[in-house]
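For the sequence shown, the numbering used here assigns the number 965 to the initial residue and increments by one for each residue that follows. Read through the structure below, which is laid out as structure tokens, and then see the notes.
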Amino acid sequence: MTIWEIITAVLVIIATLYTVATTVLQLRAPDALTRANLLGPLVCLAFPLLVVAKLVRSWSTTGFDLNDFLRALVAIAAVWIVASVVTFVLGRSIYGVTVSDRYADPITDTA
């Protein structure tokens, strides 16, 4: 095994450990909000590690490719942006918070 294959294997193993830990903690979580918050390590750490492992593997076999590098950066940035928005929306839906309160009186409510 070359050093690049070892690095790739270590990255994949770390991502797998994040996935297993998230799964176990999901089963032990007491409520829905805690379960939603536990997705953070999986989405924000395990997925980028797998993308980086794929980059290391492809760079070790075919050399550096700017197209793959840019696509990986876009994929990682997009998953972080989508994960933050989804976590916000999921948290609001768990607590049943609405954007506007239909029972509020706009004339007397100053808040």
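Don't be surprised by glycine CBs; every beta carbon is placed ideally from N, CA and C.
The shortest C-alpha to C-alpha distance from Gly1055 to any of Ala1036, Ala1039, Arg999 is the one to Arg999. Secondary structure note for Val1007: it is in no alpha helix (DSSP H), with a DSSP letter that is neither H nor E. Between Thr983 and Leu1006 a beta carbon distance of about 6 Å is seen, short of the 8 Å cut, so the two are scored as contacting.
Taking the C-beta atoms as reference points, Thr986 is found nearer than 8 Å to Leu1002.
For the pair of segments examined, the region 970-979 was found to touch the region 1009-1019: the number of CB pairs separated by less than 8 Å reaches three.
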